[in-house]
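Asker:
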Amino acid sequence: TVPSDNSVTDDYYAKLPRNNFIDELVWDKLKKYSLKPSEPVDDATYLRRVAIDLIGRTPTAEEARAFLQDPSPNKRERMVDYFLEQPEFGDHWANKWADLLRPNPYRAGIKTVMSFDNWIRRSFHENKPLDEFTYDLLTAQGGTWHNGAVTLFRDRREPEELTTVVSQLFLGIRLSCAQCHHHPSEVWGQDDFYSFAAYFAKLGRKGRGISAPISGSEEMIFTANSGSVRHPLTNEVLPPRPLFGEVPEIKENQDPREVLASWIISPQNHFFAEVNANRVWADLMGRGIVEPIDDFRESNPPSNAPLIKALGQHFREQKFDLKQYIKTIVGSYVYSLSALPNETNVGDTRNYSRHYRQRLRAEVLLDSVSELVGVPDSFAAMPDNSTAKQIWTHRVSSDFLDSFGRPDPKEDPPCERTTDTTVVQVLHMMNSRDLYARIQSGKGNSAQWAKSEMTPDQIVEEIYLTAYARYPSIEEKRLGRSLFEKEGANRQQVIEDLMWALLNTPEYLFKN
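Residue numbering for the sequence shown follows my numbering, beginning at 31 and increasing consecutively.
In structure tokens form, the structure reads like this:
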């Protein structure tokens, strides 16, 4: 970031609001570059933003109306608490981790992947601390149909594969290159890679049928009596060793994975806290302090080193309670900044002087569309009235979700989402027969509101509250009313046209 030409006085930064330590550390960075933060958003924008972030859908008209009419000064904090207790929170955040962990069911087995998805979702519905979630996953034993966590070891069958995935997800360290060579500019080499892989050398498997992954039958994961990893160049058997720090003792008959998992989540390892703090921060704030979010290395420094260190420490102090950590971030003044830039920060993409707009995730957008049209979508292999967030595999067919960037089911996890906007998305929103059929449905909101005694102004207000979580402006209300008052106007057709128009606006498709 190049310092702004506009000089800003120290007194200006001293007077900026500070809700918690996040604000202090962000203001310090903005002061360095003479960047002014954007203005804070209004209540409606905050409500829509925090609902999308916490529960993966836009607010209902009832939620929006109650919030906007609430005069109490702490209503934002109370609304955050309300969203954190909704069942949708668990599904929304489990869905993010499913992208990182859940394998292709055609390779690992349908029942196995469903069991894994259930385990992930149950963990987030219970608000299991992230260190406990990680330990349980990395030390899992038992049958793939009875303990979904063991699916990781059914899918990744070699110590080398597990090393690459575990180091990237839980340490933010990409060791894949070190498997073959020691790059001169990087810290980690082949000795580090294969010593780390040795923690997985004693994984034992016992399946039924010709091949457990192919046949889809249950497989048992256990700790074998023996197993080793050899250095590919020297053929030397390497003992298990973490990437840094003291080498923990592995007791006789102890599963080496228990020692590794304990080291990963220990206070001596700052990477675990920081990469997971960064992952959540990126979801909420639009981009990570380290980008890519799981690529921590000296040659890829954080945009705000004191902030990522403080967030990691805070997450650990919160005992890796995801809800409490999220509450800290969304309670900061920085989180409430507008996405609209000012003359000093229009080019700032790294320092959080403004909110960075994001297109809604595929499932979030589809569930929000369902809320507006009043007709739930239907998915194969899912119960009636299931939401897109609850789908247990990307193999479930949906042109909508595919168009808006859900991962390819053939990809190996971890799968990163694309937030690009494409012509396909525009055409889908404008021309989708399925979407139009749901808007026109006799069971949907358009038909129900058309048959109701609601006035045109009330209908327009309901549509705007459901779509944008705000009241229509005077001009928007006037325009909407005029459509109903046209000669020969059909009430339901007008409602359908209004819905269709709002669904295709940037205000609807993006989190502002």
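All C-beta atoms, glycine included, are put in the ideal place defined by N, C-alpha and C.
#1: Ignore the nearest five residues each way along the sequence and tell me which others in Ala-74's own chain have a CB closer than 8 Å to its CB.
#2: I'd like the span of the beta strand (DSSP E) that includes Lys-236, first residue to last.
#3: Among the residues of its own chain, which have a CB less than 7 Å from the CB of Pro-332, if the five just before and after it don't count?
#4: Is the distance from the Cβ of Ala-228 to the Cβ of Ser-258 below 8 Å?
#5: Just how far apart, CA to CA, sit Ile-48 and Val-80?
#6: Quick one: Cα of Leu-370 to Cα of Lys-66, how far?
#7: Let me check one thing: in DSSP terms, what residues is Pro-117 bridge-paired to?
#8: I'd like the span of the alpha helix (DSSP H) that includes Phe-226, first residue to last.
#9: Cα-Cα, which of Ile-203, Gly-237, Phe-119 and Glu-156 is closest to Arg-327?
#10: I believe Thr-164 touches Ile-294 by the beta-carbon criterion, under 8 Å. Please report the beta-carbon distance rounded to the nearest angstrom.
#11: Quick check: the Cα distance between Ala-96 and Asn-104, rounded to an integer number of angstroms?
#12: Along the alpha helix (DSSP H) that carries Ile-251, what are the first and last residues, could you check?
#13: If the criterion is Cβ atoms closer than 8 Å, does the pair Val-364 and Tyr-382 meet it?
#14: The alpha helix (DSSP H) with Ile-493 in it runs from where to where?
#15: Can you list, in chain order, the stretches of the alpha helix (DSSP H) that have 4 or more residues and sit fully within the region 502 to 540?
#16: Distance, Cα to Cα, Ala-411 vs Ile-140?
#17: Do Ala-307 and Phe-274 come within 8 Å of each other at the CB atom, strictly closer than that value?
#18: Considering only residues of the same chain and omitting the five flanking positions on each side of Gly-404, which have a CB-CB separation below 6 Å?
#19: Which of the three DSSP states, helix, strand or coil, is assigned to Val-267?
#20: With H, G and I counted as helix, E and B as strand and the rest as coil, what does DSSP make of Gln-343?
Answerer: From the atom records:
#1: Walking along the sequence shown from the start, residue 74 turns up at place 44. Cβ within range, chain order: Ala-94, Leu-98, Tyr-498, Ala-499, Arg-500 and Tyr-501.
#2: As a first step, residue 236 must be located in the sequence shown, where it is residue number 206. Where Lys-236 is concerned, the enclosing beta strand (DSSP E) stretches over 233 to 237.
#3: The sequence position of residue 332 within the sequence shown is 302, counting from 1. Contacts found: Ile-319, Val-320 and Ile-338.
#4: Here residue 228 refers to the residue found at position 198 when the sequence shown is read from its first residue. Here residue 258 refers to the residue found at position 228 when the sequence shown is read from its first residue. A contact, by the Cβ cut-off of 8 Å.
#5: Position 18 of the sequence shown, counted from the first residue, corresponds to residue 48. Position 50 of the sequence shown, counted from the first residue, corresponds to residue 80. Before going further, note that residue 48 is Arg rather than Ile in the sequence given. Taking the Cα positions, Arg-48 is about 19 Å away from Val-80.
#6: For the purposes of this step, residue 370 is taken as the residue at position 340 of the sequence shown. For the purposes of this step, residue 66 is taken as the residue at position 36 of the sequence shown. So the alpha carbons of these two residues sit roughly 12 Å apart.
#7: Residue mapping note: residue 117 aligns to position 87 of the sequence shown, counting from 1. Partner(s): none; Pro-117 has no beta bridge.
#8: Here residue 226 corresponds to residue number 196 of the sequence shown, with the count starting at 1. Taken as a continuous stretch (DSSP letters only), the alpha helix (DSSP H) holding Phe-226 covers 220 to 227.
#9: Along the sequence shown, read from residue 1 onward, the residue named residue 327 stands at position 297. Checked all of Ile-203, Gly-237, Phe-119 and Glu-156; the closest Cα to Arg-327 is Ile-203.
#10: Indexing the sequence shown from 1 puts residue 164 at position 134. Indexing the sequence shown from 1 puts residue 294 at position 264. The Cβ separation is near 6 Å, so the contact holds.
#11: Working through the sequence shown from its first residue, we reach residue 96 at position 66. Working through the sequence shown from its first residue, we reach residue 104 at position 74. Going by the C-alpha atoms only, they are around 14 Å apart.
#12: Translated into positions along the sequence shown, residue 251 becomes position 221. Note, Ile-251: premise wrong, no alpha helix (DSSP H); beta strand (DSSP E) at 249 to 253.
#13: Within the sequence shown, the letter at position 334 stands for residue 364. Within the sequence shown, the letter at position 352 stands for residue 382. Yes, the pair counts as a contact, with Cβ atoms nearer than the cut-off.
#14: In the sequence shown, counting from the first residue as 1, residue 493 sits at position 463. Note, Ile-493: alpha helix (DSSP H), 486 to 498.
#15: Annotation: the region 502 to 540 contains the following complete segments of the alpha helix (DSSP H) (minimum length 4 residues), in chain order: 504 to 515, 521 to 533 and 536 to 539.
#16: Counting from 1 along the sequence shown, the entry for residue 411 is found at position 381. Counting from 1 along the sequence shown, the entry for residue 140 is found at position 110. Going by the C-alpha atoms only, they are around 11 Å apart.
#17: As a working note, residue 274 is residue 244 in the sequence shown. As a working note, residue 307 is residue 277 in the sequence shown. Going by C-beta atoms, Phe-274 is not nearer than 8 Å to Ala-307.
#18: Position 374 of the sequence shown, counted from the first residue, corresponds to residue 404. Once the five neighbours on either side are set aside, the close Cβ partners of Gly-404 are Gly-474 and Asn-475.
#19: As a position in the sequence shown, residue 267 is number 237, starting the count at 1. Correct three-state label for Val-267: strand.
#20: As a first step, residue 343 is located in the sequence shown; it is residue number 313 there, counting from the start. Looking at Gln-343 - three-state DSSP - the assignment turns out to be helix.
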